[in-house]
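Asks: Protein sequences, first through last, are from chains A and B.
One point on numbering: in the numbering used here, the residue at position 71 of the first sequence is 197, and numbering is uninterrupted.
One point on numbering: in the numbering used here, the residue at position 28 of the second sequence is 154, and numbering is uninterrupted.
A virtual CB, placed ideally from N, CA and C, is assigned to each residue, including glycine.
Protein chains: 2
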Amino acid sequence: MFLGELEKQVLQYLWSSPNVDAKQVHAALAKQRDSSPNTVQSALERLFKKGLLSREKQGHAYLYRAKIKREELIAKLIDSVASDFISQGENSLVAAFSSVSSDMDEGQLDQLEKLIEIQRSQLKQSKSNADK
Amino acid sequence: MFLGELEKQVLQYLWSSPNVDAKQVHAALAKQRDSSPNTVQSALERLFKKGLLSREKQGHAYLYRAKIKREELIAKLIDSVASDFISQGENSLVAAFSSVSSDMDEGQLDQLEKLIEIQRSQLKQSKSNADK
DNA sequence: ACGAAAACCGATAAGCAATCGGTTTTATAA
DNA sequence: TTATAAAACCGATTGCTTATCGGTTTTCGT
Numbered sequence: 127m128f129l130g131e132l133e134k135q136v137l138q139y140l141w142s143s144p145n146v147d148a149k150q151v152h153a154a155l156a157k158q159r160d161s162s163p164n165t166v167q168s169a170l171e172r173l174f175k176k177g178l179l180s181r182e183k184q185g186h187a188y189l190y191r192a193k194i195k196r197e198e199l200i201a202k203l204i205d206s207v208a209s210d211f212i213s214q215g216e217n218s219l220v221a222a223f224s225s226v227s228s229d230m231d232e233g234q235l236d237q238l239e240k241l242i243e244i245q246r247s248q249l250k251q252s253k254s255n256a257d258k
Numbered sequence: 127m128f129l130g131e132l133e134k135q136v137l138q139y140l141w142s143s144p145n146v147d148a149k150q151v152h153a154a155l156a157k158q159r160d161s162s163p164n165t166v167q168s169a170l171e172r173l174f175k176k177g178l179l180s181r182e183k184q185g186h187a188y189l190y191r192a193k194i195k196r197e198e199l200i201a202k203l204i205d206s207v208a209s210d211f212i213s214q215g216e217n218s219l220v221a222a223f224s225s226v227s228s229d230m231d232e233g234q235l236d237q238l239e240k241l242i243e244i245q246r247s248q249l250k251q252s253k254s255n256a257d258k
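1) Which value, in whole angstroms, describes the spacing of the CA atoms of L155(A) and F128(B)?
2) Please go through the same chain and pick out, in chain order, the residues whose beta-carbon is closer than 6 Å to the beta-carbon of P144(A), but skip the five residues on each side of it.
3) Would you be able to state if there are at least three C-beta pairs under 8 Å between the region 207-214 of chain B and the region 158-167 of chain B?
4) For L235(A), which residues from the same chain have a beta carbon less than 8 Å from its beta carbon, with the 5 sequence-adjacent residues on both sides left out?
5) With a 10 Å radius around its C-beta and 16 neighbouring C-beta atoms as the bar for buried, classify D231(A) as buried or exposed.
6) Can you name, in chain order, every residue of its own chain whose Cβ lies under 7 Å from the Cβ of L189(A), other than the five neighbours on each side?
7) Would you identify the three-state DSSP class for L178(B), choosing helix, strand or coil?
8) To test your reading of the DSSP string, which unbroken beta strand (DSSP E) runs of 3 or more residues are found completely within the region 176-251 of chain A?
9) Measure the beta-carbon distance from V166(B) to H152(B) and round it to whole angstroms, keeping in mind my assumption that it falls under 8 Å.
10) Would D229(B) count as contacting chain A if we go by Cβ distances under 8 Å?
11) The alpha helix (DSSP H) that contains K157(B), what's its start and end?
12) Tell me whether S224(A) is buried or exposed, calling it buried when 16 or more other Cβ atoms sit within 10 Å of its Cβ.
13) Over the uninterrupted alpha helix (DSSP H) stretch that includes V136(B), give me the two end residues.
14) Check whether the region 193-210 of chain B touches the region 234-249 of chain A, counting contact only when three or more Cβ pairs, one atom from each stretch, lie closer than 8 Å.
15) By a C-beta neighbour count over all protein chains shown, 10 Å radius and 16 as the cutoff for buried, is S218(A) buried or exposed?
16) Quick one: measure Cβ to Cβ for G177(A) and K193(A), integer angstroms, because I've assumed they're closer than 8 Å.
17) Sorted by chain position, which residues of the same chain lie with C-beta nearer than 7 Å to R286(A)'s C-beta, five sequence neighbours on each side aside?
18) Answer with buried or exposed for I244(A), where buried requires no fewer than 16 other C-beta atoms within 10 angstroms of its C-beta.
19) Where S254(A) and S247(A) are concerned, what is the direct C-alpha to C-alpha distance, given to the nearest angstrom?
20) List, in order along the chain, the chain A residues whose C-beta lies closer than 7 Å to that of I200(B)?
21) Cβ atoms of I200(B) and A222(A): under 8 Å apart, would you say?
22) Considering Cα atoms alone, identify which of E197(B), V220(B), Q138(B) is closest to L170(B).
23) Show which residues of chain B have a CB atom less than 8 Å away from the CB atom of E197(A).
24) Cβ of E239(A) less than 8 Å from any chain B Cβ?
25) Please identify, using Cβ separations under 8 Å, the residues of the region 175-198 of chain A that lie next to chain B, in order along the chain.
26) Within the 8 Å Cβ cut-off, does Q251(A) reach chain B?
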């Protein structure tokens with residue numbers, strides 16, 4: 127999955143302001159880039175076709191929302207670039223991590239361990255919910 | 127940074143067999159893809175220009191080697207896709223992992239924690255070396 | 001210095017994002 | 001209900017990048 131520059135900016139904006147129409151997106155992006163309203167429209171349509179946005183008509187215009195959370199998208203992107211180099215069987219997410227970890231210092235490793243703990247407790251949580 | 131399909135295959139092969147010339151790369155890739163020798167040449171040149179390969183003349187031909195380890199490349203790719211969505215100040219690698227961790231199960235989290243330990247001991251190692 | 005081998009150049013095709021003008025569709029207000 | 005303004009949609013164009021190779025130039029060894 128590849129995203130162009132404008133598409134990324136659109137997504138960023140939609141995460142911060144969900145349910146906006148093309149006009150509003152264009153207005154918001156005016157500070158960063160000088161594209162015509164139609165160009166922004168096209169990017170929204172492209173993202174919609176790619177399944178990254180949902181939309182709902184409101185009067186004349188569609189209101190767009192990101193269909194995926196920022197973190198989920200990043201995870202997907204990571205998986206897509208990493209899995210090209212990771213063979214079947216290897217777990218690509220863990221393997222990807224082992225690729226990255228060599229650039230980390232102690233503080234970062236600490237943070238990471240905290241994240242793991244958080245993740246563990248969330249798993250416990252959803253497990254007990256599943257058990258009713 | 128974006129790599130095409132042939133470029134990825136070339137890199138993969140060079141990791142498994144460093145110091146080979148274009149002819150050998152072409153021969154090796156014949157099983158996976160039906161490209162002319164010149165096409166493979168071009169891919170090698172492109173990768174060389176991108177700084178991903180080094181080479182050294184041996185007789186008529188250059189022998190190519192990957193300039194970067196597989197893990198390092200994956201780490202770079204991850205950083206490049208993730209940093210687009212991560213603001214200054216956030217540490218993008220750790221943030222990227224927080225994005226990925228929600229897709230992980232307990233076993234993966236365990237593996238991950240082991241990797242962190244390994245990484246920690248390597249840091250200690252290089253630290254004591256630095257202290258002479 | 002000759003000839004074969006390999007590198008390099010240039011042209012072409014294909015795919016995709018960005019661009020935006022122009023046309024069609026559509027929601028509302030008269 | 002129909003006119004009209006707003007927005008969606010379509011199509012063409014540009015620019016960038018990989019893949020593709022044929023053909024030419026360079027280069028090394030004999």
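Replies: For this structure:
1) Counted from its first residue, the first sequence places residue 155(A) at position 29. Counted from its first residue, the second sequence places residue 128(B) at position 2. For L155(A) and F128(B), the distance between alpha carbons rounds to 26 Å.
2) Locating residue 144(A) in the first sequence gives position 18, counting from the first residue. Around P144(A): R191.
3) Taking a contact to require three or more Cβ pairs closer than 8 Å, the region 158-167 of chain B and the region 207-214 of chain B do not qualify as touching.
4) For the purposes of this step, residue 235(A) is taken as the residue at position 109 of the first sequence. For L235(A), the CB contacts under 8 Å within the same chain, skipping 5 residues up- and downstream, are S227 in chain order.
5) The count along the first sequence starts at 1 and reaches residue 231(A) at position 105. Under this definition D231(A) is an exposed residue.
6) Start at 1 with the first residue of the first sequence, and residue 189(A) comes out as number 63. Counting only Cβ-Cβ distances below 7 Å, and skipping sequence neighbours, we find N145, V146, D147, R181, E182.
7) Counting from 1 along the second sequence, the entry for residue 178(B) is found at position 52. Note: L178(B) maps to coil in three-state DSSP.
8) 179-184, 187-192
9) Locating residue 166(B) in the second sequence gives position 40, where the first residue counts as 1. Locating residue 152(B) in the second sequence gives position 26, where the first residue counts as 1. 4 Å between Cβ atoms; contact.
10) As a working mapping, residue 229(B) is identified with position 103 in the second sequence. Yes, D229(B) counts as interfacial toward chain A.
11) Stepping through the second sequence from its first residue, residue 157(B) is reached at position 31. Segment: none, K157(B) is in no alpha helix (DSSP H) and carries neither H nor E.
12) Translated into the one-based positions of the first sequence, residue 224(A) becomes position 98. When all chains shown are included, S224(A) counts as buried.
13) The residue labelled residue 136(B) in the question sits at position 10 within the second sequence. Unbroken alpha helix (DSSP H) run through V136(B): 131-142.
14) no
15) Here residue 218(A) refers to the residue found at position 92 of the first sequence. Looking at its Cβ environment, which holds 16 or more other Cβ atoms inside 10 Å, S218(A) is buried.
16) For the purposes of this step, residue 177(A) is taken as the residue at position 51 of the first sequence. For the purposes of this step, residue 193(A) is taken as the residue at position 67 of the first sequence. Confirmed, Cβ separation roughly 7 Å.
17) This structure gives no information on residue 286(A), because the portion of chain A shown stretches from 127 to 258.
18) Position 118 of the first sequence, counting from 1, holds the residue named residue 244(A). Burial call: exposed.
19) Along the first sequence, read from residue 1 onward, the residue named residue 254(A) stands at position 128. Along the first sequence, read from residue 1 onward, the residue named residue 247(A) stands at position 121. S254(A) and S247(A): Cα-Cα distance of roughly 11 Å.
20) Taking the first residue of the second sequence as 1, we reach residue 200(B) at position 74. At a C-beta separation below 7 Å, I200(B) has these neighbours in chain A: A208, F211, A222, S225.
21) In the first sequence, counting from the first residue as 1, residue 222(A) sits at position 96. In the second sequence, counting from the first residue as 1, residue 200(B) sits at position 74. In this structure, I200(B) lies closer than 8 Å to A222(A) by Cβ.
22) As a working note, residue 170(B) is residue 44 in the second sequence. If we check each option's Cα against that of L170(B), Q138(B) comes out closest.
23) Counting from one through the first sequence, the residue named residue 197(A) turns up at place 71. By Cβ distance, chain B contributes S224, S225, S228.
24) Mapped onto the first sequence, residue 239(A) falls at position 113. Taking Cβ atoms only, chain B reaches closer than 8 Å to E239(A), which makes this a yes.
25) R196, E197, E198
26) On the first sequence, position 125 is the one that residue 251(A) refers to. With 8 Å as the cut-off, Q251(A) does not count as an interface residue toward chain B.
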